[in-house]
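Shown next, in structure tokens, is the structure this report addresses.
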Amino acid sequence: MAESTTTRDFKVIGTRPIRPDGVDKVTGRAKFGADYAFPGMLHGKVLRSPHAHAIIKSIKIDKALKLPGVKAIVTSKDLPAAENKLEQSGEMTVNPMHLSMNILAHDKVLYDGHAIAAVAATSPHIAEEALRLIEVEYEVLPPVMTVDAATKPGAPILLKDLRNNEEGDKPTNVAQHYQFKRGDIAAGFKAADYVIEREFNTAMVHQGYIEPHNAVGIYNSDGQATIYCSTQGAFDVRSLSAQVLGMPVGKIKVVPAEIGGGFGGKTTIYLEPLSVLLSKKTGAPVKLVMSRSEVLRASGPTPGGKIKLKMGATRDGKLVAAEIWMAYEAGAFPGSPVAAGALCIIAPYLVENFQIDAYDVVVNRPKTNAYRAPGTTQAAFASETVIDELAEKCGIDPIDFRINNGVKEGSPQIMGPPFKRIGFIQTCEAIKNSPHYKSKLTGKFRGRGVASGFWFNAGMQSSATVNIHTDGTASVVTGSPDIGGSRASMAMITAEVLGMPMTDVRPITADTDSIGHTDVTAGSRVTFATGMAVYEAARDAVRQLIERAAKVWEKKPDEVEFRDGMLHAKGNGVPPMSIKQLAPRFPRTGGPITGRASVNARGVGPGFATTVVDVEVDPDTGKVQVLRCTIAQDAGKAIHPSYVEGQMQGGTAQGIGWALNEEYFYDDKGTLRNSGFLDYRIPTCLDLPMIETVIVEEANPGHPLGVRGVGEVSIVPPVAAVANAIYRAVGVRMTQAPMSPPRLLKAILKHRAAAQHSAAAD
Amino acid sequence: MPTVVIPALLRKFTGGVERVELPGRSIRELIRQLGERFPGIDKQLLEDGDIRPSIAVSIDGEIATGGVLDTVAENSEVHFIPALGGGEV
Amino acid sequence: MHAITYEAPTTLDQAVSILKTHGENARPFCGGTDIIIQLRAGVRRTEHLVDVKKIKELQTLSFDAKKGLRLGAAVPCIEISESDVMRRHYPGLTEAAHLIGSLQIQNRASVGGNLCNGSPAADTTPALMALGARARIVGPNGEREVPVEAFVVSPGRTVLKPGELLVELLVPAPAPHSSDAYLRFIPRNEMDIAVVGVGAALTLDGDKVKAARIALGAVAPTPILASKAADALIGMKLDAAALEAAGRAASEACSPIDDMRGTAEFRLHIAAVLTRRVLSIAAERAKKN
Amino acid sequence: MSKKTLVEATINGETVEFLCEPRQSLLETLRDVLELTGSKEGCLTGDCGACTVLVDGRPVCSCLMLGVEAQGKNIVTVEGLAINGVLHVLQNKFLEHAALQCGICTPGFLISAKSLLDRNPKPTEHEVRYALAGNLCRCTGYDKIVKAVLDAAADIRSQGEGKAAAR
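So the sequence lines, in the order shown, correspond to chains U, C, L and R. Take 48 as the starting number for the first sequence in my numbering and just add one per residue. Take 5 as the starting number for the second sequence in my numbering and just add one per residue. Take 138 as the starting number for the third sequence in my numbering and just add one per residue. Take 5 as the starting number for the fourth sequence in my numbering and just add one per residue.
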């Protein structure tokens with residue numbers, strides 16, 4: 048399908064133009080969801096559970112309704128019954144009943160912050176006061192906060208209807224068991240000279256986008272609803288909201304606002320159906336915006352969990368066996384990314400014998416949602432730490448160890464079939480040859496660690512339209528909300544195909560009525576799949592341009608060719624014609640030109656990254672400072688290198704936060720104690736060094752431009768890389784993330800005591 | 005003939021058999037033939053006549069998009085794997 | 138947020154009379170960086186905010202080599218960290234003011250407000266205590282002075298009675314060969330609340346300690362003075378052993394809790410570490426004075 | 005209930021009068037009363053800096069200041085950075101360096117950076133990082149933001165020297 052991109056010379060792709068939406072964003076003009084306002088608009092607030100696990104015995108709203116300014120209150124009674132089965136939505140599977148129960152608790156609250164009722168009033172302050180007047184009677188149940196607590200015999204059951212694929216009709220908190228096997232692990236471990244077995248624990252963490260969830264709902268008396276919101280997937284908001292509200296999809300229009308970060312966390316719905324319900328009850332537009340505390344308590348963080356991992360290698364450094372048990376906290380409803388974690392945990396390596404058992408476990412925490420390479424960072428923390436340890440035992444440089452065992456084109460994937468062209472080894476070599484890795488790290492309590500990561504990336508459905516304007520410029524319309532600068536890439540791909548400057552192309556993210564179905568902005572798929580649709584739509588426009596030129600020249604289309612933005616008649620000396628020259632003649636040659644394409648993209652190219660970090664540890668406090676960091680990642684083809692680097696740097700920064708300080712801290716009652724940016728500590732400007740990047744371009748043969756996804760895999764290596772660097776700095780192997788000062792200090796003191804003890808023993 | 009690789013947890017239906025060669029040329033045919041050879045296993049893969057939402061089909065190492073309608077080649081290798089979630093752009 | 142009223146008197150008398158009329162329902166309002174958050178969260182239900190930033194006495198920062206420092210309760214932290222006088226004579230207090238929140242916060246928050254908020258983890262309070270600062274309060278029944286270590290009575294509660302107002306903080310002039318220092322531990326490099334904070338002030342006589350005060354924050358329900366740790370240093374050389382002992386004694390004075398910022402065990406260890414470090418810094422500075 | 009107060013302030017160079025409730029923050033007043041939605045709400049606790057504005061030349065979190073406190077103050081928001089449609093050098097550098105991805109934190113960063121460069125046209129990398137520590141960005145890892153600010157400072161200096169040379 049693809050010409051090798053390395054041999055192609057591009058005019059626009061690979062350059063670094065100013066992003067088309069840039070000026071609006073530096074002048075404050077860009078309209079994010081919370082920036083929308085309409086005449087007569089009301090403000091909504093959500094009443095949330097103070098308990099982690101409780102039965103709702105009664106909800107009294109009459110006092111609240113009497114407060115002047117309060118216009119309407121909704122509870123789960125206002126939601127239609129929903130079916131208890133799995134359905135596909137975009138890349139996610141959805142259980143309509145669980146979705147409905149998460150929007151507004153039905154008979155039970157399942158986590159601190161679980162929505163119970165929503166109020167619409169003339170001001171946000173009045174709506175807030177009204178919440179205090181709603182009386183809810185609870186029967187408090189014991190909270191189930193961890194995988195261990197949820198799976199021990201006699202554990203309280205969260206969802207009475209939940210059954211899994213192994214225990215028949217037994218009520219359970221284990222939603223699903225996945226298993227992946229290859230070869231014979233017993234024989235594998237027999238062949239191993241070194242076997243490392245460790246147990247890892249990671250904390251639940253949040254995507255930490257700066258913009259809280261928001262929605263403005265407008266329900267018209269004719270039964271048509273419009274939702275303005277910041278989302279990664281307008282079409283998913285439409286289908287999921289339709290499901291929860293029992294409305295036909297065609298009656299809901301979703302207008303995607305500018306989105307202030309998502310990282311996977313804005314791929315589902317929370318406030319959207321509430322805004323429509325409240326608007327229906329009041330006849331006015333209703334805006335809801337979450338507080339930061341609500342975002343942390345009640346949106347979709349990524350799971351913590353437990354991973355037991357045993358890996359063996361031969362003396363000469365060949366990985367021969369892996370036995371892995373992993374269980375993730377799905378939150379209040381099934382659906383953690385534990386299966387993805389299981390399929391990624393050793394994906395970068397050729398291991399002939401493995402067995403991976405993975406469990407999806409419900410606990411009294413918010414329903415988890417996608418977060419950048421879902422399920423994989425936790426998993427890589429375990430595998431990449433043990434691999435570092437095996438490399439050390441074998442006396443092999445950790446990068447060489449990875450290169451020796453690394454997968455390349457033709458190596459079997461975890462599922463068996465061979466990889467197509469991939470760039471894992473290249474990312475390892477890029478780091479090995481980087482100025483950073485070649486530099487010498489000196490100074491006390493300093494260490495250097497490396498780790499690698501794998502992520503599948505996704506394809507899925509995208510639509511695109513390319514319109515040629517009457518002056519020969521163009522617009523490109525897609526349905527993919529732009530989180531990281533994707534409009535720039537779409538404009539660049541269009542400009543490349545049409546042979547015009549990027550400044551002549553205006554990229555648009557359209558609402559759900561103005562473009563064909565487009566799946567969620569997730570799985571690193573936009574530049575790949577939507578980019579593929581844009582490429583095809585632009586080529587469709589070119590085909591039409593050729594036909595029109597042929598008409599004008601009274602030739603057959605195959606006598607006209609399109610090169611570098613000019614139409615050329617084959618043979619005799621007809622002067623070539625630019626699109627600008629042809630455009631005025633559209634009316635008399637058949638009307639406007641609109642190129643179209645819709646794809647359900649195949650040919651996804653998986654992503655790999657390798658990261659090296661230098662740290663300094665304060666051995667008296669356990670505090671870690673990251674001194675230097677370099678990441679190499681295979682982009683396939685970087686359309687706009689600055690924004691590829693941006694994805695690499697952003698994911699790395701999130702990984703470093705995950706490694707050092709980010710974690711959900713629940714008390715023994717199951718109440719979240721750090722539901723703010725003060726104590727949910729994402730890295731500040733002062734906590735990070737510059738993040739050096741090396742873009743590897745190993746073209747993806749499945750994409751016309753060689754593109755792979757670049758949005759996710761960068762977050763995978765840092766937690767393990769930091770752990771490995773800490774080991775080199777102070778000699779302790781951390782098996783719990785985050786490696787916060789109290790945890791690291793404890794480990795250092797234990798290590799010191801042991802050392803003194805053994806010294807005394809000699 | 006195309007090879008179907010049985011997911012670890014469904015091997016209880018196949019008496020532990022991991023790989024089966026079947027003559028089918030579409031996912032629909034392959035699943036039907038699987039069901040004939042190993043009664044019950046087809047119900048684990050299908051819901052309302054198509055692939056369960058929780059399952060993805062991989063043909064020759066690539067996630068297929070056509071559900072039961074996808075066709076396979078003479079030497080294709082077919083895997084049934086869990087549908088996965090995604091994250092950023 | 139529930140409905141509130143806002144008044145901005147320009148004299149102490151006006152302020153006191155407004156506060157008096159509203160009693161329990163009123164609170165002086167300065168930088169707002171704590172109270173606005175508390176009102177939003179509903180943890181304080183104050184109905185009347187009395188903005189004291191327009192009152193001259195609360196905005197004065199003046200230093201006299203004999204009388205010492207008069208620090209108006211409303212002087213924003215940024216003015217302290219930008220003041221040469223403060224940096225020269227009270228480097229520890231200046232450090233503490235400079236550590237509070239971000240620049241955005243320091244432009245609004247004041248040392249007086251930090252004290253009146255009554256948080257056990259306030260950064261400037263241990264620094265003030267180490268310096269032996271006193272709080273000048275006016276109210277319906279006139280004036281009174283309270284040593285800073287007695288100002289906070291429990292988390293979020295102070296000695297201020299309804300109608301009373303903190304006017305200024307009075308800090309003695311540093312004796313010759315004296316200086317102070319403040320250190321706190323936070324997991325990140327900015328923006329966090331102290332997990333442990335330690336302030337120390339020292340006067341040296343040659344290489345021996347003549348006078349010492351050590352105060353700690355975030356290790357008890359209120360900021361505490363570690364008098365035993367300080368007194369044990371009098372007449373001693375600040376060598377490794379003395380620092381070790383002071384650290385241990387300071388740690389023994391603590392009664393911390395486990396929370397999302399750190400475990401009690403961790404806080405006890407850090408209290409000792411920071412005490413050693415802060416004493417060394419203060420000593421280095423004192424030698425130069 | 006909650007009575008409204010008349011407030012007069014200078015906002016982005018214009019004298020404006022507006023009514024607000026005492027419980028309304030400056031941020032809420034700017035966004036909902038004056039329709040200046042460039043300043044963003046990220047946390048309402050002064051931890052993220054997305055709402056940063058200049059008050060009498062100093063950066064503050066407008067979520068932790070009351071609208072009524074704006075009386076007589078001079079306030080600059082992101083909408084006031086460009087003069088007659090000509091972008092501020094910081095705005096241009098943020099675009100050139102791709103120092104924004106989602107853009108929600110950008111207004112706050114621009115204001116904090118402006119206040120730094122107004123005081124210190126020759127900041128070190130550490131000084132830039134300290135001045136921006138009250139502004140959280142989750143997309144970029146800060147790398148390109150810090151580079152954009154350092155580059156803007158260099159530009160401002162060279163312009164200054166240019167003027168000096170012209171004299």
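Here a beta-carbon is modelled for each residue, glycine too, at the ideal position from N, C-alpha and C. Keep in mind the model is a prediction, meaning the values are calculated, not measured.
Which two residues bound the contiguous alpha helix (DSSP H) that contains residue i?
{"i": "Ile150/U", "result": "143-150"}
{"i": "Lys78/U", "result": "No alpha helix (DSSP H) contains Lys78/U, which DSSP labels as neither H nor E."}
{"i": "Lys328/U", "result": "319-329"}
{"i": "Pro482/U", "result": "482-485"}
Tell me whether residue i is buried or exposed, calling it buried when 16 or more other Cβ atoms sit within 10 Å of its Cβ.
{"i": "Met5/C", "result": "exposed"}
{"i": "Val90/R", "result": "exposed"}
{"i": "Gln694/U", "result": "buried"}
{"i": "Thr52/U", "result": "Caution applies to Thr52/U, whose pLDDT of 44 falls short of 50 and renders its modelled position unreliable; the model cannot decide the point."}
{"i": "Glu39/R", "result": "exposed"}
{"i": "Gly53/C", "result": "exposed"}
{"i": "Thr147/L", "result": "exposed"}
{"i": "Asp283/U", "result": "buried"}
{"i": "Gly494/U", "result": "buried"}
Would you kindly check if the distance between the Cβ of residue j and the Cβ of residue i is under 8 Å?
{"i": "Ile626/U", "j": "Val607/U", "result": "no"}
{"i": "Thr9/R", "j": "Cys24/R", "result": "yes"}
{"i": "Lys357/U", "j": "Val242/U", "result": "yes"}
{"i": "Ile330/L", "j": "Leu303/L", "result": "no"}
{"i": "Asp171/L", "j": "Asn244/L", "result": "no"}
{"i": "Thr81/U", "j": "Val454/U", "result": "This sequence places Ala at residue 81/U; Thr is not what is there. Not closer than 8 Å, so no."}
{"i": "Asp681/U", "j": "Val743/U", "result": "yes"}
{"i": "Ile349/U", "j": "Met251/U", "result": "Checking the sequence shown, residue 349/U turns out to be Thr, not Ile. In this structure, Met251/U lies closer than 8 Å to Thr349/U by Cβ."}
{"i": "His172/U", "j": "Arg95/U", "result": "no"}
{"i": "Cys676/U", "j": "Pro736/U", "result": "yes"}
{"i": "Val659/U", "j": "Tyr406/U", "result": "no"}
{"i": "Thr56/R", "j": "Gly723/U", "result": "no"}
Checking contacts by CB at 8 Å: is residue i closer than that to chain U?
{"i": "Lys148/R", "result": "yes"}
{"i": "Thr18/C", "result": "no"}
{"i": "Ser58/C", "result": "yes"}
{"i": "Val9/C", "result": "yes"}
{"i": "Arg171/R", "result": "Reliability of the predicted coordinates at Arg171/R is poor, the pLDDT of 47 falling under 50, and the value obtained from them is presented with this limitation in mind. Not one chain U Cβ lies under 8 Å of Arg171/R."}
{"i": "Gly91/C", "result": "Any reading at Gly91/C must be qualified, since the residue scores a pLDDT of 36, below 50, and its modelled position is unreliable; no value is offered."}
{"i": "Pro257/L", "result": "no"}
Can you confirm whether residue i, when its beta carbon is compared against all beta carbons of chain L, has any partner nearer than 8 Å?
{"i": "Ser96/U", "result": "no"}
{"i": "Glu73/R", "result": "yes"}
{"i": "Ala137/R", "result": "yes"}
Run the proximity test for residue i: is its beta-carbon closer than 7 Å to any non-hydrogen atom belonging to the ligand MG?
{"i": "Gly65/C", "result": "Within the structure as shown, the ligand MG is missing, as the structure has no ligands at all."}
Give a yes or no on whether the minimum CB-CB distance between residue i and chain R is below 8 Å.
{"i": "Lys72/U", "result": "yes"}
Just to confirm the assignment, what range does the beta strand (DSSP E) spanning residue i have?
{"i": "Glu663/U", "result": "654-665"}
Using a Cβ-Cβ distance cut-off of 8 Å, determine whether residue i contacts chain C.
{"i": "Ala152/U", "result": "no"}
{"i": "Ser51/U", "result": "With a pLDDT of 43 at Ser51/U, under the threshold of 50, the modelled position of that residue is not reliable, and no figure is offered here."}
Handout entry: Whole alpha helix (DSSP H) elements within the stretch 70-111 of chain R, 4-residue minimum
Key = As far as the stretch 70-111 of chain R is concerned, its whole alpha helix (DSSP H) runs of at least 4 residues are 93-100.
Problem - Inside the stretch 317-352 of chain L only - alpha helix (DSSP H) runs reaching at least 4 residues - result: Uninterrupted alpha helix (DSSP H) stretches at least 4 residues long and entirely within the stretch 317-352 of chain L do not occur.
Exercise for the section: Could you please tell me which residues of the stretch 23-36 of chain R, in chain order, have their CB closer than 8 Å to any CB of chain A? Expected result: The structure shown contains no chain A; its protein chains are U, C, L and R.
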